[in-house]
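Q: Structure incoming, see below.
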Amino acid sequence: MEFGPLRGLTTEAPSEFHWAFTDTFAIKYRPDDEARYVWRLLLDRGDYTRAVTVARDRRRIDPSAYELVLRRQADKHILDKNYIAAAEILAYSSEPFETLVLRFLSTDDDRRTGLKTLLEKRLEQYSRPEERIKRDALILWLLEVQLEELAESRRGSADAEGERAHQLTKQLISFLNRKVVFEFIAANKEAVYKLVVSHADFEMQLYIAQCLKDWPTVANIHILRERFDDALAVLKEQKSADLYVKYAPILAIRLPKEFFESLVHVPSFRPKSIVSVLAECQNEAKLAVAAMTYLDWAISKVAQADIALRNLLIAMYARYRPKQLLVHLEGMGRDRTRLNYDTDFALRTCQQYRIEECIVFLYCVNEMFPEAVDIALKLDLDLAKKCARWMDAADDDIFSDKIYPEELRRKVWLMIAEHVIKTTNDATVAIGLLRESGDVIKIQDILPFFADFTELQLFKEPLTECLREHSAKIQDLQTAMREATTTAKEIRDRSEKLGKRYTVIRAAETCCSCSRTLMSRPFFSYACRHFFHRDCIEGLVRPLLNQEACGRLDRLVKIEGQLIVALDAEDRVGNPRSTEAIKREQRLSEVSADIGEILGDDCPLCGIRAIEQIDRSFFDVDAYEADEATWKF
Numbered sequence: 001m002e003f004g005p006l007r008g009l010t011t012e013a014p015s016e017f018h019w020a021f022t023d024t025f026a027i028k029y030r031p032d033d034e035a036r037y038v039w040r041l042l043l044d045r046g047d048y049t050r051a052v053t054v055a056r057d058r059r060r061i062d063p064s065a066y067e068l069v070l071r072r073q074a075d076k077h078i079l080d081k082n083y084i085a086a087a088e089i090l091a092y093s094s095e096p097f098e099t100l101v102l103r104f105l106s107t108d109d110d111r112r113t114g115l116k117t118l119l120e121k122r123l124e125q126y127s128r129p130e131e132r133i134k135r136d137a138l139i140l141w142l143l144e145v146q147l148e149e150l151a152e153s154r155r156g157s158a159d160a161e162g163e164r165a166h167q168l169t170k171q172l173i174s175f176l177n178r179k180v181v182f183e184f185i186a187a188n189k190e191a192v193y194k195l196v197v198s199h200a201d202f203e204m205q206l207y208i209a210q211c212l213k214d215w216p217t218v219a220n221i222h223i224l225r226e227r228f229d230d231a232l233a234v235l236k237e238q239k240s241a242d243l244y245v246k247y248a249p250i251l252a253i254r255l256p257k258e259f260f261e262s263l264v265h266v267p268s269f270r271p272k273s274i275v276s277v278l279a280e281c282q283n284e285a286k287l288a289v290a291a292m293t294y295l296d297w298a299i300s301k302v303a304q305a306d307i308a309l310r311n312l313l314i315a316m317y318a319r320y321r322p323k324q325l326l327v328h329l330e331g332m333g334r335d336r337t338r339l340n341y342d343t344d345f346a347l348r349t350c351q352q353y354r355i356e357e358c359i360v361f362l363y364c365v366n367e368m369f370p371e372a373v374d375i376a377l378k379l380d381l382d383l384a385k386k387c388a389r390w391m392d393a394a395d396d397d398i399f400s401d402k403i404y405p406e407e408l409r410r411k412v413w414l415m416i417a418e419h420v421i422k423t424t425n426d427a428t429v430a431i432g433l434l435r436e437s438g439d440v441i442k443i444q445d446i447l448p449f450f451a452d453f454t455e456l457q458l459f460k461e462p463l464t465e466c467l468r469e470h471s472a473k474i475q476d477l478q479t480a481m482r483e484a485t486t487t488a489k490e491i492r493d494r495s496e497k498l499g500k501r502y503t504v505i506r507a508a509e510t511c512c513s514c515s516r517t518l519m520s521r522p523f524f525s526y527a528c529r530h531f532f533h534r535d536c537i538e539g540l541v542r543p544l545l546n547q548e549a550c551g552r553l554d555r556l557v558k559i560e561g562q563l564i565v566a567l568d569a570e571d572r573v574g575n576p577r578s579t580e581a582i583k584r585e586q587r588l589s590e591v592s593a594d595i596g597e598i599l600g601d602d603c604p605l606c607g608i609r610a611i612e613q614i615d616r617s618f619f620d621v622d623a624y625e626a627d628e629a630t631w632k633f
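Numbering (this note's numbering) for the sequence shown: 1 to 633.
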């Protein structure tokens, strides 16, 4: 006012100067950020939309202004309880995250919705790899908030609450299906499982486990909720032997029939891995029946089934199906060396449950025939005879190497005969045992068992047959003695002829090895007309000898050389032969004879030794490689 009242304001376009003038003065102005306080004016008027637009345009010049506008706008939305809008605005504020979160921490549903919005907006901003930890923390927090909200909605019983729980479930599933969320859950599934379990939300845990294809967790949830059919369905679908082993202790007890039937369709499953479960099943009839059906199938499919499984099946048969045990044992064979179950265990089990027919069978398998017959006679005579014929069947079986002593067979049949005679005193039946035994026992063996005043008329035919048999045996012995005498005479005659046999060797004969004149050096002659020098045959025979014979030959050759040198030295001296020289000559003759026995007992070209070497290679490995090398150019 000191210059007077303002009369006007004009702008000079080229210079962008502004001229303000009064009656007496003209004042020049340059514009300097005229809009810097516009946002404040708009903010004071409550026009937040325009204030945000202006402040955003000036964000690089005055960032604090933009932050202030956002806070004021968010505060306005919070006062109006529009928490979602406030969260969307504050998500882009640079204010500390903790401060922002405190505005929404409450049990009020609207504030919780605002918190979810804030967290989701912040999650969208963290996309770089180095922000993974922040991103993971936000995902876990969002999951916690949504699980808590869902749990509270489920506790209500009204229809509205049920509808809200349904909507929240859909939202949570949509959240879980996000790529970034799914990757986090896959990498931290144990932490996520603990979080879900803390809210007792098994449905959501089941959904997550199915998405992750975490089948052990899926089965665990079903079992925890006592949905055993669903758990077994998971195992059937996956056909995993490890899953079956893990849940066998529960499912075999809860669903025995279905569980063991499903095992048949798992090729990689080994029955041995659930021996303890199968053993537990034998304590209850329902479980045992299902386990027996499976074990019967498993043992029939596996030739070398585990002995423990077979023993367990025998114990179950003895307890729940004793009448079928004998058929089961007979089906596994009679040869003890080829059985895949413990016969001692089976015998103890049968004795415990008093299954006497099986005891008799196992005694026979263990070759304890007297004990088997002793028990069988108390049950049935035919069973005792069957035990006795067991040994006869082994003799007739060309695939069996069992040969039972005649005395043992005789003892068993005598036990049967004694029992028959003492119980029936029927001579006809007793005599019939003679034929049934295959003449193992004779009439004279059973006579002592009869009473003193038994009619001899009944024994006429057996006694006559016995005498006739003895007469035939005497004739056979006489014939054998005559044949032995004739054979011995022939052997003596041949020995005499061999002692007088000689071989004519002509002066032109040559060595079969070196092809030189045979008479030039000491030689060996064979009946096959093969001739060899002593040193030649030594080289031929040595490879055919074993290590022990080669060592003995080397020692004899060395001793022979030493004796020859000593005798030659005495001959050069010219002294009369001393006693020591005579002993050396005798020793030399003995050594030469021993060498002759080793070298000359068999022709090296056509004798037994040469025939035994027919499958021997012409070259050993080293010689073959050396010979092969000579053919390479």
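Note that CB positions come from ideal geometry on N, CA and C, so glycine has one too.
Only counting the same chain, and skipping five residues up and downstream in sequence, which positions put a Cβ closer than 7 Å to that of ILE398?
A: Because ILE398 sits at a pLDDT of 39, beneath the cut-off of 50, its placement in the model cannot be relied upon, and the following sentence gives the value as read from the coordinates. None.
Q: Count the C-beta pairs between the stretch 229–241 and the stretch 265–274 that are closer than 8 Å, then say yes if the count reaches three, no if not.
A: Verdict: yes, contact present.
Q: Between CYS387 and the ligand ATP, is there a pair consisting of the residue's CB and a ligand heavy atom that are separated by less than 7 Å?
A: Because no ligand of any kind appears in the structure shown, any question about the ligand ATP cannot be addressed here.
Q: For ILE139 and ILE223, I'd like the C-alpha separation in whole angstroms.
A: The straight-line gap from Cα to Cα measures roughly 29 Å.
Q: Just the Cα atoms here: how many angstroms apart are PHE184 and ALA137?
A: Going from the Cα of PHE184 to the Cα of ALA137 covers about 10 Å.
Q: Alpha carbons only, please: which of ALA165, ALA610 and LEU142 is nearest the one belonging to PHE175?
A: Closest option to PHE175, Cα to Cα, is LEU142.
Q: Roughly how many whole angstroms lie between the Cα atoms of ALA634 and ALA508?
A: Since the first residue shown for the chain is 1 and the last is 633, residue 634 is missing from the structure and cannot be characterised.
Q: Quick check: ALA388 and ILE416, are their CB atoms within less than 8 Å of each other?
A: In contact: ALA388 and ILE416 (Cβ atoms closer than 8 Å).
Q: Taking VAL557 as the reference, which of VAL218, ASP594 and TYR29 has the closest Cα?
A: Ranking VAL218, ASP594 and TYR29 by Cα distance to VAL557 puts ASP594 first.
Q: Which value, in whole angstroms, describes the spacing of the CA atoms of SER273 and LEU309?
A: Taking the straight line from one Cα to the other gives about 10 Å.
Q: Tell me the rounded alpha-carbon separation between MET1 and THR10.
A: Those two C-alpha atoms are separated by around 19 Å.
Q: DSSP three-state call for PHE21: helix, strand or coil?
A: Note: PHE21 maps to strand in three-state DSSP.
Q: I'd like to know if the stretch 313–322 and the stretch 346–363 are in contact, where contact means that at least 3 CB-CB pairs between them fall below 8 Å.
A: They touch, by the three-pair rule.
Q: Drop a sphere of 10 angstroms on the beta-carbon of VAL54, count the other beta-carbons inside from all chains shown, and report buried for 16 or more, exposed for fewer.
A: Flag for VAL54 reads buried.
Q: So, do the stretch 515–523 and the stretch 538–558 have three or more beta carbon pairs nearer to each other than 8 Å?
A: At 8 Å Cβ cutoff, the stretches do not touch.
Q: Suppose you measure from the CA of THR510 to the CA of PHE531; what does that come to, to the nearest Å?
A: Their Cα atoms are separated by approximately 7 Å.
Q: What is the DSSP secondary structure of HIS533, reduced to helix, strand or coil?
A: If DSSP states are grouped into helix, strand and coil, HIS533 belongs with the strands.
Q: Starting from the C-beta of GLN205, find all residues in its chain whose C-beta is less than 7 Å away, skip the five residues before and the five after it, and write them out in chain order.
A: These residues qualify, in order along the chain: TYR193, VAL196, VAL197 and ILE221.
Q: Can you give the Cα-Cα distance for SER262 and ILE253, rounded to whole angstroms?
A: Their Cα atoms are separated by approximately 14 Å.
Q: How should VAL565 be labelled, buried or exposed, when 16 other C-beta atoms within 10 angstroms of its C-beta is the threshold for buried?
A: VAL565 should be labelled exposed.
Q: What's the gap between the Cα of PHE228 and the Cα of PRO256?
A: Cα-Cα distance, rounded: 11 Å.
Q: Excluding the five sequence neighbours on either side, which residues of its own chain have a C-beta within less than 6 Å of the C-beta of THR503, listed in chain order?
A: Excluding residues within five positions, the ones whose Cβ falls inside 6 Å are SER525.
Q: Can you name, in chain order, every residue of its own chain whose Cβ lies under 8 Å from the Cβ of ILE598, other than the five neighbours on each side?
A: The residues are VAL541, LEU545, ALA549, ARG552, LEU553 and LEU556.
Q: Please report the straight-line C-alpha distance between ASP568 and ILE505, rounded to a whole angstrom.
A: Each residue's alpha carbon lies about 29 Å from the other.
Q: Going by beta-carbon coordinates alone, are THR22 and ARG40 separated by less than 8 Å?
A: No. Outside cutoff.
Q: Mark LYS116 as exposed unless 16 or more other C-beta atoms lie within 10 angstroms of its C-beta, in which case mark it buried.
A: Buried, by the Cβ-count rule.
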